[in-house]
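Enquirer: Numbering (this note's numbering), first residue to last: 454 to 539.
One structure, pasted below without further comment.
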């Protein structure tokens, strides 16, 4: 059951990465430059959430800020994997 939920979440991401790759190829753009641009934007997102991490306050605030940061860093790794698959 968990695999089906994970698959349901991953399929749209894979479709978007394949379409993005097709657009890059059809417009004859540099795939490496576009990939680095996406990684740069993702790193800025991770840096933004890093500065929002709290170490004081309620446990809910601390956990929420940490989970936002961890999810943004995980998305960077996930983007690299999907770009390789596309």
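Glycine is no exception: its CB is placed at the ideal position from the N, C-alpha and C atoms.
Under 9 Å between the Cβ atoms of residue 495 and residue 524?
Expert: Taking 9 Å as the Cβ cut-off, residue 495 and residue 524 do not qualify as a contacting pair.
Enquirer: Give the C-beta separation of residue 500 and residue 518 to the nearest angstrom, bearing in mind that I take them to be a contact with Cβ-Cβ under 8 Å.
Expert: Wrong, their Cβ atoms sit about 14 Å apart, outside the cutoff.
Enquirer: Of the choices 473, 498, 457, whose alpha-carbon is the least far from that of residue 487?
Expert: Comparing Cα positions, the closest option is 473.
Enquirer: In angstroms with no decimal places, state the Cα-to-Cα distance between residue 457 and residue 539.
Expert: Straight-line Cα distance between these residues: approximately 21 Å.
Enquirer: Considering only their Cβ atoms, is the gap separating residue 532 from residue 483 smaller than 9 Å?
Expert: No, they are not a contact pair.
Enquirer: Taking residue 498 as the reference, give the member of 475, 537, 526 with the closest Cα.
Expert: Of the candidates 475, 537, 526, the one whose C-alpha sits nearest the C-alpha of residue 498 is 526.
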